[in-house]
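Protein chains in written order, with our numbering: chain A, 1 to 77; chain B, 1001 to 1359.
Structure below.
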């Protein structure tokens, strides 16, 4: 069910984005770097959400941050 | 950058609602029980110099946003690194706030519903609002702040018959170190979070006083937090308040006037959602503005949807459960310190040097 929601969400977002692009506010006039960043972010979020919906564990940045802070404070102590 | 200006009041209201944001759900740190009011006052005192630094940065570079300021001070490469760090903070904070809301809705209202649709609906609303830029947030905040404040005052007034003032005593039962630690947490979350408004400072008018803006925000939110804390403490008592994940919601459940007015907690949920949408939108806008600056885009709108989707993805994986979310709050002040204090302090010092050199 979650996978269907993810697929539906991204299809809807891409349709809306392409419609706004027609009005001139979108990617058409953007530079190469912007386009690369745009598609990278979209693809990365899609992959993460798809893995999440399939219950495949994705490492959380919060664990990395807490681990790093623990290590720093252990060093300080 | 293509953002239009907002009035002083609109900027002030959006900043107050931003501060109110997720703190209205999770509440301020209440680890020192009935002594929390001392921590709040101490945190407000600590926040004054920090917020004055933010205001000074805006004064030094009027009508410029943070990316433009950093770019001018640190050059292209240094500017991009620092701006990249702040963009990460905006994206991560947005994901944390969104997760707070989805956890709250799951626990309070929809325990069987998966969190993803709840998060998706909220982020899409915020993305739509962010597309309107700072003026849209300003108008939204002007419209929303009054119902939000009214609900807080309304619940406090309704709670008066059930309040136990004795819950405030004994005072100073906790060690000064514990009170100071709690104050540090409140200082970081939420008082210093308006650092993200530096990304949107280009929308503030030159004639508006940024010192007043930050100071009034601090006073208003500080007063509201004290009021909320007093209501929760007098209704629940310190031990009960400390163990609750969402003390405001639990306190509101107790409120009832005779047989005709009960279940006031619904109004608290409305507050949570209205203030939360504002905070999420500001974070989205700040991140989009930063990315637009980083990649030289003419319009920040191009990055709103990718940032929204990234926030949604990050929000889904950031915690495994509610316990983890509350454990991370202990780490948050240390994690946020570079973004809230160290980087702005460095920008301010460099800004002063830059100004003298230009003169």
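Backbone N, C-alpha and C fix where the C-beta goes; we use that ideal spot for every residue, glycine too.
- Bounds of the alpha helix (DSSP H) holding residue 1315 of chain B are 1304 to 1317.
- Nearest to residue 1273 of chain B by alpha-carbon distance, out of B:1198, B:1162, B:1118, is B:1118.
- DSSP places residue 1295 of chain B in the coil class of the three-state scheme, outside both helix and strand.
- Residue 9 of chain A reaches chain B at 1120, counting residues in chain order whose Cβ is nearer than 7 angstroms.
- Residue 1249 of chain B is positioned such that its CB atom lies closer than 8 angstroms to that of residue 1108 of chain B.
- Residue 1331 of chain B belongs to the set of residues whose beta carbon lies under 8 angstroms from a beta carbon in chain A.
- Minimum Cα-Cα distance from residue 1354 of chain B among the listed residues B:1008, B:1065, B:1074, B:1011 corresponds to B:1074.
- Apart from the 5 residues on each side of it in sequence, residue 1174 of chain B sits with its Cβ closer than 6 angstroms to the Cβ of 1032, 1035 in its chain, given in chain order.
- In this structure, residue 1101 of chain B sits near residue 1276 of chain B, with a CB-CB distance shorter than 8 angstroms.
- Within the region 52 to 66 of chain A, 52, 53, 57, 58, 59, 60, 61, 62, 63, 65, 66 place their CB atoms closer than 9 angstroms to a CB of chain B, listed in sequence order.
- In the three-state scheme derived from DSSP, where H, G and I count as helix and E and B as strand, residue 72 of chain A is classed as helix.
- With a threshold of 16 other beta carbon atoms within 10 Å, residue 72 of chain A falls short and is exposed.
- Taking a contact to require three or more Cβ pairs closer than 8 angstroms, the region 1234 to 1242 of chain B and the region 1206 to 1224 of chain B do not qualify as touching.
- By the rule that beta-carbons nearer than 8 angstroms mark a contact, residue 1129 of chain B does not touch chain A.
- Runs of the alpha helix (DSSP H) lying entirely within the region 1078 to 1158 of chain B, each at least 4 residues long, are 1115 to 1131 in chain order.
- Scanning its chain for C-beta atoms nearer than 7 angstroms, with the 5 sequence neighbours on each side dropped, one finds around residue 1104 of chain B the residues 1025, 1246, 1272, in chain order.
- Against chain A, the CB of residue 1167 of chain B has no partner CB under 8 angstroms away; the residue lies outside that interface.
- Per the Cβ contact rule, the region 1309 to 1323 of chain B is in contact with the region 40 to 52 of chain A (3 or more Cβ pairs under 8 angstroms).
- With its beta carbon less than 8 angstroms from one in chain A, residue 1114 of chain B belongs to the interface.
- Three or more Cβ pairs closer than 8 angstroms define a contact, and the region 1180 to 1200 of chain B meets that threshold against the region 1040 to 1058 of chain B.
- According to the DSSP assignment, residue 1203 of chain B belongs to no alpha helix (DSSP H), since it is labelled neither H nor E.
- Straight-line spacing of the CA atoms in residue 29 of chain A and residue 1177 of chain B works out to 57 angstroms.
- Annotated three-state conformation of residue 1028 of chain B is coil, per DSSP.
- B:1095 is the residue among B:1136, B:1135, B:1095, B:1139 whose C-alpha sits nearest the C-alpha of residue 1122 of chain B.
- Counted as a single uninterrupted DSSP element, the stretch harbouring residue 1175 of chain B is not any alpha helix (DSSP H), since DSSP gives it neither H nor E.
- Around the beta-carbon of residue 74 of chain A, fewer than 16 other beta-carbon atoms lie within 10 Å, marking it exposed.
- In this structure, B:1190 is the residue among B:1190, B:1337, B:1167 with its C-alpha nearest to the C-alpha of residue 1019 of chain B.
- In this structure, B:1211 is the residue among B:1268, B:1211, B:1232, B:1346 with its C-alpha nearest to the C-alpha of residue 1048 of chain B.
- In this structure, residue 1111 of chain B lies away from residue 1004 of chain B, with their beta-carbon atoms at least 8 angstroms apart.
- Using a CB distance cut-off of 8 angstroms, residue 1334 of chain B counts as an interface residue toward chain A.
- The C-beta of residue 18 of chain A comes no closer than 8 angstroms to any C-beta of chain B.
- When the beta-carbon positions are compared, residue 1053 of chain B and residue 1203 of chain B stay at least 8 angstroms from each other.
- The three-state reading of DSSP puts residue 4 of chain A in helix, counting H, G and I together.
- For residue 1006 of chain B, the three-state secondary structure derived from DSSP is strand.
- Taking the C-beta atoms as reference points, residue 1309 of chain B is found nearer than 8 angstroms to residue 45 of chain A.
- Excluding five sequence positions before and after residue 1295 of chain B, none of the CB atoms of its chain fall closer than 7 angstroms to its own CB.
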